[in-house]
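Quick note: to get my numbering, add 4 to the position in the sequence shown (first position is 1).
Virtual Cβ for every residue (Gly too), placed ideally from N, Cα, C.
The structure appears below as structure tokens.
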Amino acid sequence: MRTYIKTSVIVLALSLGACGETKTAQQLISSGNNFVQMSDFSSAVIEFKNAVSLEPENAQARFLLASAYIEQGNYLNAEKELARALELGIDFSRIAVLTARIKTHLNKADEVYQLVERSHDLADDENIQLLTYAGIMALKQQKIVQGQDYLTQAIAIDPKAVYSQIAQAYLHYSHEEFSQGLVVINNLFKDNADASEALLIQGHLYYALKEFDYASESFARYLNYHSQDHSVRFFEVNSLIKAEKFEQANVLNDSLLKAFKDSPLALQFKAQLLYQKKNYSLARDYANKALLNREDLLVAKIISGVSSYFLGEIEQAYTQLTAVVDRVPNNPLVTKILAVTKFELGYYADAVDDFESLQDFTAKDIQFLKSSSENLMGIGHVDSALLLIDKAEKILPNDAQIAARKGLMLLSQSDASGITYIERAVELDPSLTYAQVALAIAYLNSGETAKAQEIADRYKDNIDKADFGYVLQGFIYLNNKQSVEAKSSFEKSLSLNPKNIASLYNLGLLHQRAEQHSKALSYFDQVLRISSEHKGALKALVSLANKKELREETISLLTKNQQNNNLYSTIALAQALTMDKQVTQAITTLVGIEKSVQLTANYFLLLGDSYVALEKYAEANTVFIEGLALEPKNYFLNVKYISVLEFLGDYKGALQQTRKLHQYYDSNIDITTSLIYFEAKNKNYKEAKRLLEKIKGQKNNNKLLDVIAGEVYQEEKDYPQAIEHFSAAYEEEPTELNLLNLARVLKFDKQNKQAERLLESYLDKHTNNSKIRFLLAELYSPADRKKKVVQYQALSITMPNNAIVLNNLAWNQFKLKQTAQALINIEKAYQLQPDNLAIQESYGVILIANNKLDQGITILEQAIVSGSTDPIAQESLTKAKALHNK
């Protein structure tokens, strides 16, 4: 304290001594140097600045001002003054080291490296400093090898020099030899207590060793020397936070925010400090402000996400945490919260993967494990649910509820070992009623009726829980197919507890089976009044809605029960409305559900199918996409989506989605068949053929596969294979389409006679099939014109106004010299389509054949004007004109 007072008195005396006179620049420089000697750099800056004001071209004054700024840690101003001093003629060798120091602190790497290139004439000590700063700069840029090279060069010049020792410390740091680095620095301070630049590396070394208290002290000591180097203040605050000295960190960080209100790091530190106080709302606000200014801040994103979760804002938590989870794969809090948020938002497939990957649980995580396993069971991911409950069991092996949950899970999968776990749960805690009931039911299912009866009797004798006893007794009677006695037991249970859901529900089922529908509806109604999402009651009501006479009453009951925040009641009502062909109302019901409700695949399937029923394929497409975002591997959602894409004609999109689905279910023959189909639709015949070869010989009940295979082999011109598959398809289903496919490929394979016999045989049974008859007529060769005429005559009877049939009939008659009959038929064709070029040509030729030269010439000249190039028509016209001229 005395030293401080003495210095202040001297400063005051010097200041007073100068008040009475105007100082020259030299006097101001001298005064500034005095202040530098006393380490009063603030006063020195004032003096040097005044000197520069008097003599702006004074290079020495600017050099000294820059040096004082450096000691303050004001590197920006130092940089400006040093650059001006150089312009004014100060020698480069005097400023090289200071410039390197400034540029390193300002992170101007290229300029630091350029200084090294110009340093050939510098003294050894200056070279050491310059190389050390270049090494520090390279390490800051993560150019480790380059940095190590610079540092090694510095050390080689004189290992005992102060900056060589600093370089050694940085070199140890780069090799992660943190303790060795500290030994070097601590030895340096023994003889050089004021080596302030060494304090920085000391702080970083302590921080790397997780000695955060010592790290913060090193940074604080550095700031005692260079108070305006605010970048180091950030290191100090960060170290204090890590050391859990939150109050001290908060004071310093507030000073940073006062100076730099939009500093992303300072805002992030504030968020961290508020998070520690569990002030999640303000913590998130500061984290979000930090991210507005710098979006890559990892800690800010984590705080924003985790705080949002604790504030109940699940979507924001999910958005922030998904952006960082890959960068912090071993952060258990982030992983756990992200798994829960994914589940709550309905991203079940991803949530399951996250739950399965979680490790290192403690007793604090028991509730998390219990609730998560229940959630996974609820969406059908039994294996994952069991995995989590196993982890809980390892932590608390004697927890009755955990044993009971595991037992119930196993029993739900028909695994009899579940009985052992429930027995264990009951042994640990006999008061677990649900476990006792589950155990009794398990005994019934395994044929151990006596054990179930023992539990039922025990509960019937318990005044407070007798209703459960009679429920169990009812189950026992049902197991023995004694419906009347079961009904009596359930009614007895209700007399003891009118709100016993199990009794109400089972009485409803008994009356439903007895077709006493009015009573059944009444009981299910009572169940839903107590538990509006009771899946059994809702399913029973939807089943009753299948009966037309009950539909109106059932829909009325479901409408009364339905709530927009209740998924299962909403789905049940929509299903009943769909049965009643009120599809639009079903859609309105489904889309009216509250956004906070966790949606499932069944919801999207029902909504999408409803849009399909109204032929609103674009809307259905959107719905299925939303559903697949939640459950990308859901078989039915994928199939429905692919079907809609096909309806929309998006074969490319259908192919892409089918390829994805095939990756999930590569052994499913139906999906492979669909993939072959869409590969073919997209003209990827080689890939379709490859897939066909892959599944050859596998049992396949898909009737479309042979048709698709036939088309693929036909496109590949592998006609024998195509014939084999089209034949198989025709034998399985002798439809017109399959017949046409087979006949065409036989024709392509030059098996016309076989194709003709096939079509003739078909026409014997289907005499009115014009399409097959037309194909048969076309199949006949020119040598079989009589057969062609027979087929076209039959077609002209069933299709008297078909101009093409009449034209083809007339032409073949003409070829058979039946010119008079040919003329009758071609005139009919011409009357129907006078502008048809083929008909004009046929008509003109047949007219001339019938000696109607003038009319024939007129018609053929019209045909030529219309573009006819047919040689027969040309020949007939020439012949007719020659005859006409005679």
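If I follow the unbroken alpha helix (DSSP H) through A444, where does it start and stop? Position 440 of the sequence shown, counted from the first residue, corresponds to residue 444. Where A444 is concerned, the enclosing alpha helix (DSSP H) stretches over T437 to N449.
Taking only runs of the alpha helix (DSSP H) that begin and end inside the region 230–314, which ones reach a length of at least 4 residues, in chain order? 234–246, 250–263, 268–280, 284–297 and 302–314
Which two residues bound the contiguous alpha helix (DSSP H) that contains D674? Your numbering for residue 674 matches position 670 in the sequence shown. Start and end: I673 to K685.
Consult DSSP for K551 and reduce its assignment to one of helix, strand or coil. Counting from one through the sequence shown, the residue named residue 551 turns up at place 547. Of the three classes helix, strand and coil, the one that applies to K551 here is coil, per DSSP.
Nearest CA to the CA of L302: which residue from Y279, Q280 and L269? Within the sequence shown, the letter at position 298 stands for residue 302. Comparing Cα-Cα distances from L302 to each of Y279, Q280 and L269, the minimum goes to L269.
I'd like the span of the alpha helix (DSSP H) that includes I629, first residue to last. Within the sequence shown, the letter at position 625 stands for residue 629. From DSSP, the alpha helix (DSSP H) with I629 extends over Y621 to L634.
Straight-line gap, M42 to S35 (C-alpha atoms, nearest Å): Locating residue 42 in the sequence shown gives position 38, counting from the first residue. Locating residue 35 in the sequence shown gives position 31, counting from the first residue. Roughly 11 Å separates the two Cα atoms.
Test item: CB-CB of Y509 and G478 under 7 Å: For the purposes of this step, residue 509 is taken as residue 505 along the sequence shown, with counting starting at 1. For the purposes of this step, residue 478 is taken as residue 474 along the sequence shown, with counting starting at 1. Contact flag unset, no.
Using the three-state DSSP reduction, which class does H179 fall into: helix, strand or coil? For the purposes of this step, residue 179 is taken as the residue at position 175 of the sequence shown. It is coil, neither helix nor strand.
Grab me the residues of F182's own chain with a C-beta within less than 6 Å of its C-beta, minus the 5 sequence neighbours each way, in chain order. Along the sequence shown, read from residue 1 onward, the residue named residue 182 stands at position 178. Taken in chain order, the residues that qualify are L209, A212 and L213.
Measure from the alpha carbon of N402 to the alpha carbon of each residue in S421, I426 and S375, then state which is nearest. For this step, residue 402 is matched to residue 398 along the sequence shown. The option with the nearest alpha carbon to N402 is I426.
What would DSSP say about I808, mapped onto helix, strand or coil? Residue 808 sits at position 804 when you count from the first residue of the sequence shown. Helix.
Using beta-carbon positions only, say whether S168 and Q152 come within less than 7 Å of one another. Translated into positions along the sequence shown, residue 168 becomes position 164. Translated into positions along the sequence shown, residue 152 becomes position 148. No, these two residues do not count as a Cβ contact at 7 Å.
Endpoints, the alpha helix (DSSP H) within which R694 is located: For the purposes of this step, residue 694 is taken as the residue at position 690 of the sequence shown. Taken as a continuous stretch (DSSP letters only), the alpha helix (DSSP H) holding R694 covers Y689 to K698.
Determine contact between the region 157–166 and the region 130–143, defined as no fewer than three beta-carbon pairs at a distance below 8 Å. yes
Just verifying my parser: in three-state terms, what is the DSSP assignment at G653? Numbered from its first residue, the sequence shown carries residue 653 at position 649. DSSP, read as helix, strand or coil, puts G653 in coil.
Grouping DSSP H, G and I as helix and E and B as strand, with all else coil, what is Y784? What you label residue 784 is simply residue 780 of the sequence shown in a count that begins at 1. Correct three-state label for Y784: coil.
If we ignore side chains and look at the alpha-carbon of each, how far apart do E719 and L744 end up? As a first step, residue 719 is located in the sequence shown; it is residue number 715 there, counting from the start. As a first step, residue 744 is located in the sequence shown; it is residue number 740 there, counting from the start. Cα to Cα, the separation comes out at about 16 Å.
Rounded to the nearest angstrom, what separates A4 and V595 at their Cα positions? This structure cannot speak to residue 4, because the chain is shown only from 5 to 890.
Mapping DSSP to helix, strand and coil, what is M413? Working through the sequence shown from its first residue, we reach residue 413 at position 409. Three-state result, M413: helix.
Pick from L511, Q566 and E378 that is closest to S535, judged by C-alpha positions: For the purposes of this step, residue 535 is identified with residue 531 of the sequence shown, where counting begins at 1. Answer by Cα proximity: Q566.
Cβ contact (3+ pairs, closer than 8 Å) linking the region 835–851 and the region 800–812: The region 835–851 vs the region 800–812: in contact.
Applying the 10 Å Cβ sphere with the 16-neighbour rule, what's the burial state of Q817? In the sequence shown, counting from the first residue as 1, residue 817 sits at position 813. Buried, because 16 or more other Cβ atoms sit within 10 Å of the Cβ of Q817.
Cut-off 8 Å between Cβ atoms - residues of its own chain near D858, not counting five sequence neighbours on either side: By one-based count along the sequence shown, residue 858 stands at place 854. Excluding sequence neighbours, D858 sits near H888.
Here's a check: name, in chain order, each residue in its chain whose Cβ is nearer than 6 Å to the Cβ of F45, leaving out the five neighbours to either side. The residue you call residue 45 lines up with position 41 of the sequence shown. A72, E75 and Q76, listed in sequence order.
Beta-carbon proximity of V386 to Q405, cut-off 7 Å: For this step, residue 386 is matched to residue 382 along the sequence shown. For this step, residue 405 is matched to residue 401 along the sequence shown. Cβ atoms of V386 and Q405: not closer than 7 Å.
Tell me which residue opens and which closes the alpha helix (DSSP H) that Y796 is part of. One-based indexing of the sequence shown puts residue 796 at position 792. Here the alpha helix (DSSP H) through Y796 covers R789 to T802.
Does the count of Cβ pairs from the region 272–290 and the region 309–318 closer than 8 Å reach three? Enough Cβ pairs lie closer than 8 Å, so yes.
Assumed close pair L511, Y527 - CB separation to whole angstroms, cut-off 8 Å: Taking the sequence shown and counting its residues from 1, one reaches residue 511 at position 507. Taking the sequence shown and counting its residues from 1, one reaches residue 527 at position 523. That belief holds up - the Cβ atoms of L511 and Y527 are roughly 5 Å apart, short of 8 Å.
Where does D468 sit, in a helix, a strand or coil, going by DSSP? Here residue 468 refers to the residue found at position 464 of the sequence shown. Helix, per DSSP.
Rounding to the nearest angstrom, what Cα-Cα distance links L827 and V849 in this structure? Position 823 of the sequence shown holds residue 827. Position 845 of the sequence shown holds residue 849. Computed Cα separation, rounded: 10 Å.
Distance between A304 and A506 (C-alpha atoms, nearest Å): Locating residue 506 in the sequence shown gives position 502, where the first residue counts as 1. Locating residue 304 in the sequence shown gives position 300, where the first residue counts as 1. The straight-line gap from Cα to Cα measures roughly 50 Å.
For H124, count neighbouring C-beta atoms within 10 Å of its own C-beta (all shown protein chains included) and say buried if the count is 16 or more, exposed if not. For the purposes of this step, residue 124 is taken as residue 120 along the sequence shown, with counting starting at 1. Under this definition H124 is an exposed residue.
Of the listed residues Y847, Q825 and A824, nearest to Q835 (C-alpha basis): In the sequence shown, counting from the first residue as 1, residue 835 sits at position 831. Ranked by how close their Cα comes to the Cα of Q835, the residues Y847, Q825 and A824 have Y847 in first place.
Assuming contact is defined by CB atoms lying nearer than 7 Å, are A100 and L119 in contact in what I supplied? The residue labelled residue 100 in the question sits at position 96 within the sequence shown. The residue labelled residue 119 in the question sits at position 115 within the sequence shown. Yes; because the gap between Cβ atoms is below 7 Å, this pair is in contact.
Compute the distance between the beta-carbons of V693 and V711, then report whether it is under 7 Å. Counting from 1 along the sequence shown, the entry for residue 693 is found at position 689. Counting from 1 along the sequence shown, the entry for residue 711 is found at position 707. Looking at the sequence shown, residue 693 is not Val but Lys. Result no, Cβ atoms of K693 and V711 do not sit closer than 7 Å.
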